[in-house]
Amino acid sequence: MNEDNTITEEVSHTENTPEETLPSGPKRVVVDPITRIEGHLRAEVIVGDDGIVQDAFVSSTLFRGLEIIAKGRDPRNVPLLMQRICGVCTYSHYLKSTMSMEDALGITIPYNAALVRSLMDTALFLHDHPVHFYQLHGLDWVDITSALKADPAKASKLAFKYADNPVGTGENDLIKVQETVKKFAEHPQGLGPFANAYWGHSTYRFTPEQNLIALSHYLKALEMQRLVAQMMAIFGGKQPHPQSLVIGGVTCIMDMLDPARMAEFMVKFKEMANFINNAYYADVVMAAEMYQHEPSVMQPISVKNFMAGDGILVGRNDYILSKGMILDGDISNVLDIDEDLITEEATHSWYQTDEALHPYDANSEPDHSKGYVDGESVGPDGKMIHSKNIDPNGKYSWIKSPRYDGKPMEVGPLASILISYAKGNKRVVPIVDEFLHKTGLPLSALFTTLGRTAARMLQAKVIANHGLEAFYSLVENLKTDEESCAIYTIDNDKEYKGRGIGEVPRGMLTHWTRIKDGVVSNYQATVPSTWNAGPIDANGVKGPYETNLIGLKIADLSQPLEIIRIVHSFDPCIACAVQVMDVRGNKISEYKVDPLYGGVCSV
Amino acid sequence: MDFKEKETTYDSLYASFEERIKKLQKLPRLKEDTSIEQVIKEHGFSRRDFMKWASAATAMLALPANFTPLMAEAIKVADRLPIIWLHMAECTGCTEALLRSANPSIDSLIFDYISLEYQETIMTAVGWQAEQNLEHAIEKYKGRYILMVEGGIPAGDSSHYLTIGGHGKHGEQISIDASEHAAAIFAIGTCSSFGGVQAAAPNPTNAQALSKVVDKPVINVPGCPPGEKNIVGTLMHYLLYGTLPALDVFNRPKWAYRLRIHDLCERRGHFDAGEFVEHFGDEGAKDGYCLYKVGCKGPYTFNNCSKQKFNQGTSWPIQVGFGCMGCSEPDFWDTMGTVNEPLRDRLYHTAFGGLGADATADRIGIGLLTATAVGIAAHAAIAAVKPPKK
């Protein structure tokens, strides 16, 4: 404790009272646990007397080792096991893991199966993005307590400014929402999950009426996420963790051939699409209007390298989202991705091997001999207190640092939307242009925290508007084709190697697998949140999370809302991001496998 | 249990529930001017809707219909229950399952109105403020809160694989501290019940079940994830009994986990008739034949999926033609063999010890009767029920 420094009158403070008890000079702020994410994550920043972040470190605090567990298992078991990487991006890992096996074994799945998988994928995107915006990220933008001061009649009218057919914002709806929350707010003990937050923070920008509209949608989104999860369950049996993909195709043939079941999916899809167009879209337009002068979300991002995979098959070789790569923010030049140039290293990660290696070649064992170190940071009362801190010179995260040709890359909806836009994707361009027109923002405004949050919504809207194309393709194909699963065998005397790649809600996901003696001999997943949240690499270069935090001004060091807002804009999925490579082998391009047919799908 | 005996048991059960609720009614409220009953009215639910829900909940817990009014009383006192929900080594799938709780939508309402004091996925507070909320809840509701834990727990020398908070506290210690003053402890999901996926061989982080880490009784609610109704139902059960419910050998509540998937399976008729899906996508698959030969583990798995299904009754893994993977059984990742093959046609540890996937190929064809007999034997052993703990 710096008791001696608690009364330092010579230090000039323009900030809130609590900081008057802080010593001068750079101070550390530790934010752990970061809640409203998937997984266990910590952010640490060093803040100068001017309240500006000088340096930042992000650390994942849980290691599970699922790739180690995958080794030696039957290839048919591994996709289900990999699905358990994450229950929020449930299905993403199941799908890419299954695809990696099919790629390795040279299997082409039936068109019907590909389309059913695609429909399940739309259900995931339409679930994941709104839940992120409202339940996870929303309260970084929306001040619940301010909504209590709103005039419901005024708010109800205001909602038409942002949507043609507003959802849940009738005057009666809003009065009810207000009453519900009022009961919470008036009883300190009753705040439950909303207790002890940063209500009233100076960087909240919505008017009371706008807060009320968004709050009503927060509650509505809870209802809608149940509905959209049912869409996944129609073909997947349950959500989270559906269970209808097998190597070779899908098992839900009865549901696929049942017109009533199909119609149920379509109706639910349309209902959800309406929510996305009239609530989610509207609220992000509203946020763009009100937050475009809030520095904490408008600071230009500095890692301007983006990478995205194909997403959502709707016809033969026709994907809704485009793949590719942009370097240094140059959207005039979309490059192809050379998968052989992807490496991961662990200079600052808790693994023994530091060297940068391709996912197929890497090898690491956990090493937590040096965890956090004793130090001080700004406590909840605005005083310096003891804490366990990151040692920036040592290892400090369970996440590794993936690089493309040595460069850090951002992946996620922002990357996907920018790449699709730059490629002139006919489904994406009009939606992005309309949004920019409506908000009056230039394209460059997308290269910000606000842009990242907006891009996620835009991706959801593109899928809401075009996802049913996959449905119609399926209906058309079912007229002449009822195949749902390819037939294959696994030859124990052969070695196989393959990968499943593509865009999932949090960005480009790749699963790499090797099969030998009929079992998985090596496994690796390169996950979106790993690209974004990784620590400093061997060259001292930081990844997207850490660079985004530097330069940020924090109004009150004991209430680091600005930090949370930026971290949440990436939609962290930390159980996903943490994985260990234990893979040795050749480059994928050197390994060619002949398709093997003749067995049965169940073998 | 014959009919008479059953009736007497229910009578005494009814009396004990009544007493329990009376006791709970005397406890001070968390929120003075509100109650579940009031809230229900305010949300536009009629008394009739409410009683309908109560009777559905009663049926779910396998209690006779005359328990319905008592269930309604129990629900009304639910607003006195503070909940602390911890995330350990997990994937957040169990929290997602909790969020799906909806049908009838009144049960999600109940979750809003029990006091959710700490839940990292949902709560607004972060960092120090989040930690304060946890400490505050443990202190304030000493001996009265319900602890629900999601995730396996890296334990002992490996406990550093999970730290939470500015002081870098290990997950294992957080679990132990939170369990100390809990009124009841529920392990939600297979990971906190049995260790789960991260505890599968070779268990690189020494992940353990909650019950192995704390020295208090733990009710296991396994499943990957468990259906939302099993999570909510376990809470309701606690409200009624005030003690731990009747449990099976794996400490799973009997009301949810007493029957095999196989017993109430919609495809059971095809099993008995010897009609099987031979490979995915075949004619049998189109006709909804039994999935035993493509690896369904329903005969070895105890859960109520066939009855409750998932996502408001939308579907379940057997309905979508995959089959059961045995996810509510201990160590199922290691003991249930290959997902798409019948268990008896493979050695248990197919993939290990250099045996390879096809090491036992010559065993394919072992009679189905053998497998069924094993299933029955397993049932007899597992269904041996522990008496309710006091």
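Protein chains in written order, with the numbering used here: chain A, 1 to 603; chain B, 604 to 993. Glycine residues also receive a C-beta, built at the ideal position from the N, C-alpha and C atoms.
Residue i and residue j closer than 8 Å at C-beta
i	j	result
B/F905	B/D818	no
A/A422	A/V334	yes
A/M441	A/A288	According to the sequence provided, residue 441 of chain A is Leu. The question's Met does not apply to it. Yes, the pair counts as a contact, with Cβ atoms nearer than the cut-off.
A/R64	B/A692	yes
A/E365	A/K400	no
A/A282	A/I419	no
A/S569	A/T439	no
B/I756	B/G771	no
A/G237	B/S918	yes
A/R42	A/L136	no
A/C573	A/C89	yes
A/W531	A/V411	yes
A/R506	A/P528	yes
A/P535	A/S349	yes
A/N211	A/A147	yes
A/I550	A/A197	no
A/S387	B/G769	yes
C-alpha gap between residue i and residue j, whole angstroms
i	j	result
A/I337	A/K71	28 Å
A/N322	A/T169	In the sequence as displayed, the identity of residue 322 of chain A is Ser instead of Asn. Their backbone Cα atoms lie some 35 Å apart in a straight line.
B/I687	B/T724	12 Å
B/F994	A/Q243	Residue coverage of chain B in this structure runs from 604 to 993, which leaves residue 994 of chain B outside it and unanswerable.
B/V824	B/R855	6 Å
A/D50	A/K553	8 Å
B/N833	A/W141	34 Å
A/S558	A/G379	6 Å
B/H840	A/T145	35 Å
A/A195	B/Y617	38 Å
B/H865	A/R73	26 Å
A/I85	A/H511	12 Å
A/K154	A/F206	14 Å
A/A346	A/S484	42 Å
A/D173	A/L215	11 Å
A/M508	A/G324	10 Å
A/P193	B/N736	9 Å
A/A464	A/L458	10 Å
B/E886	A/F471	23 Å
A/A445	B/D934	50 Å
A/L436	A/L443	7 Å
B/H952	A/H127	Legend: pLDDT at B/H952 = 36, less than 50; position of this residue unreliable, no value from coordinates given.
B/C1007	A/E355	Given that chain B is displayed from residue 604 to residue 993, the structure contains no residue 1007 of chain B and the question cannot be resolved.
Span of the alpha helix (DSSP H), counted from its first residue to its last, around residue i
i	result
B/W731	730 to 743
A/V267	259 to 275
A/H466	449 to 466
A/L222	208 to 236
A/E67	66 to 70
A/A533	528 to 533
A/K553	From DSSP, A/K553 is part of no alpha helix (DSSP H); its letter is neither H nor E.
B/I777	774 to 783
A/V432	429 to 439
Rounded Cβ spacing between residue i and residue j (contact assumed at less than 8 Å)
i	j	result
A/A555	A/T203	6 Å
B/T808	B/S761	5 Å
B/R863	B/P902	6 Å
B/V752	B/S718	About 17 Å separates the two Cβ atoms, so there is no contact after all.
A/G315	A/E469	7 Å
A/N305	A/D328	7 Å
The beta strand (DSSP E) enclosing residue i, as first and last residue numbers
i	result
B/K815	First-last for B/K815: 813 to 816, but that is the alpha helix (DSSP H), not the beta strand (DSSP E).
A/D103	Run containing A/D103: none in the beta strand (DSSP E); it sits in the alpha helix (DSSP H), 92 to 105.
B/Y721	718 to 722
A/D55	53 to 60
Chain C contact residues for residue i, given Cβ-Cβ distances below 7 Å
i	result
A/I234	As a matter of chain content, chain C is missing from the structure shown, whose protein chains are A and B.
Problem set entry | Those runs of the alpha helix (DSSP H) which lie wholly inside the region 836 to 909 of chain B and span at least 4 residues | 857 to 860, 871 to 875, 886 to 889
Exercise. Can you list the beta strand (DSSP E) stretches of 3 or more residues lying completely in the region 370 to 417 of chain A, in chain order?
Worked result: 373 to 378, 384 to 389, 401 to 404
Problem set entry | Sequence ranges, beta strand (DSSP E) only - wholly within the region 314 to 353 of chain A, length at least 3 | 318 to 321, 324 to 326, 342 to 345
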